[in-house]
Amino acid sequence: MTHNIYLYILVAAAVSCLIRVIPLTLIRRKIKNPFIRSFLYYVPYVTLAVMTFPAILDAPQIPAAGILALIVGIIAAWKGVNMMGIAALCCVAAFFGTGHF
Amino acid sequence: MTGENFGMNREKHAFTSGIRDGIPIALGYFAVAFSLGIVAKKAGLDPVQGFISSMLNHASAGEYAEFTVIMANAPYVEMAFVILITNIRYLLMSCALSQRFAPDTPGIHRFLVGFGITDEIFGISIGRPGVVNPYYNYGAMAIALPGWSFGTAIGIVAGNVLPASIVSALSVALYGMFIAIIIPASKKNRIVGGVVAVSFLVSFAVSKISLFDQMSDSMKISLLTVVIAGAAAFLFPVKEGDGEDSMDTDEESSDYLDFEKEEL
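This is how it looks when you write it as structure tokens:
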């Protein structure tokens, strides 16, 4: 059978929304458990790190461009460049890293 | 600091700050969503459908998976399951954010802030000191979500117009934004830096081990997050008291104070 694209979008949207909203609306007080507190503290950094590497190597046409973008991004972030600047520098690095001069 | 003075000015100021910080996110989103639009087109979505999908779902990996399900003409139940797995990290982010809300924050703010969670909006709102001001998130959402959605729609219309070299270069913009969140935090806190380094290494190792080949990327991300953040919490518990704040060095604490003065 053929499915309706709008219905697909609606199902996806409903599930995404529930996942995002349920903890925020149900957890109303500070979690006291030190383990859970520490776990939640580390979650964002770990999840962003594992999403970045090694996926950044596969994003551009060749992995070398991804490595260059990663190194340039880390140096720029270490030096205190803002978010947009870092993203832009990564793009430039990937462009040149692919061999377009 | 307690966030009790939600005056009009404070809300307005937070909203403007949100827009300001949301501009780079919106630009990055536009570029990334553009390439997502190319996938959406393959799945048979028109620009309006792509726009609606991105306004409601606003998740890169999640939408990529969504379009794959549409392409496969799979059952709706499979869509629900795939989205649950690909977006499970938002559940964790939502838990983390709940700890940064003033306990008396009304449900409508909780709902709207929750709806607007993306990796980057979460990143910038958790990066601010003190309690979350929902208006800051609304500001960021007001600019970032349309950037994402228009990017998707325009990608569907014109995705194949740009040369491959440009699309290739733009594709790393998203990762640049992730780096912009994890590296400054690593610089400020050595334990976070170590955890980030371990995350890179383990993630790389898992990508090379054939045992994990069957697992989807989003499943790997969720699993690694739970294991590594769990191990870090076990080995390096955050000190009791102020949570995040207690982990800061003196240098950063003073940064926080300066930042707060500016915010108030």
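Heads up: the protein sequence lines correspond to chains A and B, in order.
Using numbering that gives the first Met the number 0, you'd call the opening residue of the first sequence number 0 and step up by one each time.
Using numbering that gives the first Met the number 0, you'd call the opening residue of the second sequence number 0 and step up by one each time.
Beta carbons: idealized from backbone N, C-alpha and C, even for Gly.
Quick caveat, the model's predicted, so the values are computed rather than measured.
Residue i - DSSP class collapsed to helix/strand/coil
i: T104/B; result: coil
i: V31/B; result: helix
i: S170/B; result: coil
i: R36/A; result: helix
i: V131/B; result: coil
i: L83/B; result: helix
i: V201/B; result: helix
i: Q98/B; result: coil
i: G192/B; result: helix
i: H12/B; result: helix
i: V45/A; result: helix
i: F177/B; result: helix
i: F52/A; result: coil
i: Y5/A; result: helix
i: T151/B; result: helix
i: K31/A; result: coil
i: G79/A; result: coil
i: M214/B; result: coil
i: K207/B; result: helix
i: D241/B; result: At D241/B the pLDDT is 42, less than 50, meaning the model places this residue with poor confidence; the figure from the coordinates comes in the next sentence. D241/B: coil per DSSP, three-state reduction.
i: V71/A; result: helix
i: T224/B; result: helix
i: P62/A; result: helix
i: P162/B; result: coil
Between the CA atoms of residue j and residue i - distance to the nearest angstrom
i: S93/B; j: S202/B; result: 23 Å
i: A64/A; j: A32/B; result: 20 Å
i: Q60/A; j: T104/B; result: 46 Å
i: G129/B; j: L91/B; result: 19 Å
i: L88/A; j: S59/B; result: 21 Å
i: M50/A; j: I181/B; result: 11 Å
i: A54/A; j: V205/B; result: 12 Å
i: F50/B; j: T151/B; result: 6 Å
i: T24/A; j: F100/B; result: 10 Å
i: F80/B; j: I18/B; result: 33 Å
i: G79/A; j: M7/B; result: 32 Å
i: L67/A; j: G96/A; result: 6 Å
i: G242/B; j: S37/A; result: With a pLDDT of 44 at G242/B, under the threshold of 50, the modelled position of this residue cannot be trusted; read the value that follows with caution. So the two alpha carbons sit approximately 8 Å from each other.
i: G240/B; j: K31/A; result: With a pLDDT of only 47 at G240/B, under 50, the local geometry of the prediction cannot be trusted, and the value read off the model is given with reservation. Answer to the nearest angstrom: the Cα atoms are 9 Å apart.
i: I26/A; j: I22/B; result: 30 Å
i: S167/B; j: W147/B; result: 18 Å
i: E62/B; j: A13/A; result: 13 Å
i: V194/B; j: H2/A; result: 44 Å
i: V160/B; j: E77/B; result: 33 Å
i: D133/B; j: T117/B; result: Contrary to the premise, residue 133/B reads as Pro rather than Asp in this sequence. Taking the straight line from one Cα to the other gives about 14 Å.
i: L56/A; j: I73/A; result: 14 Å
i: S53/B; j: P236/B; result: 37 Å
i: L6/A; j: P74/B; result: 11 Å
Residue-chain proximity (residue i, chain B), Cβ-Cβ < 8 Å
i: P62/A; result: no
i: N81/A; result: yes
i: I8/A; result: yes
i: I66/A; result: no
i: I70/A; result: no
Interface flag, residue i vs chain A, CB-CB below 8 Å
i: Q98/B; result: yes
i: M70/B; result: no
i: R109/B; result: yes
i: N267/B; result: No answer is possible for residue 267/B: the residues shown for chain B start at 0 and end at 263.
i: D212/B; result: no
i: G193/B; result: no
i: F199/B; result: yes
i: G36/B; result: no
i: G240/B; result: A caution first: G240/B carries a pLDDT of 47, below 50, which makes its placement in the model too unreliable to give a value.
i: G154/B; result: no
i: K187/B; result: no
i: M176/B; result: yes
i: L90/B; result: yes
i: N8/B; result: no
i: Y63/B; result: no
i: I18/B; result: no
i: M140/B; result: no
Residue from the options whose Cα sits closest to the Cα of residue i
i: I84/B; options: G96/A, I18/A, T51/A and F38/A; result: I18/A
i: S97/B; options: A79/B, S124/B, L144/B and I87/B; result: S124/B
i: F94/A; options: A58/A, A75/A and K78/A; result: A58/A
i: S221/B; options: I87/B, A143/B, V38/B and I208/B; result: I87/B
i: A95/B; options: Y44/A, I4/A and T1/A; result: Y44/A
i: L55/B; options: N3/A, S15/A and I73/A; result: S15/A
i: Y89/B; options: I69/B, G106/B and V112/B; result: V112/B
i: Y137/B; options: L169/B, I155/B, R109/B and A196/B; result: R109/B
i: I120/B; options: P22/A, M82/A, L69/A and A75/A; result: M82/A
i: P22/A; options: G27/B, G106/B and I37/B; result: G106/B
i: F8/A; options: H12/B, A42/B and I24/B; result: The sequence given here has Ile at residue 8/A, not Phe. Among H12/B, A42/B and I24/B, the Cα nearest to that of I8/A is on A42/B.
i: A172/B; options: T15/B, G27/B and H12/B; result: G27/B
i: L223/B; options: L6/A, V42/A and A86/A; result: V42/A
Residue i: CB within 7 Å of a non-hydrogen atom of the ligand ADP
i: Q98/B; result: This structure lacks the ligand ADP; in fact it carries no ligand of any kind.
query = Residue ranges of each alpha helix (DSSP H) run of no fewer than 4 residues wholly in the stretch 29 to 71 of chain B, ordered along the chain?
reply = Fully enclosed alpha helix (DSSP H) runs of 4 or longer: 46 to 56 and 59 to 71.
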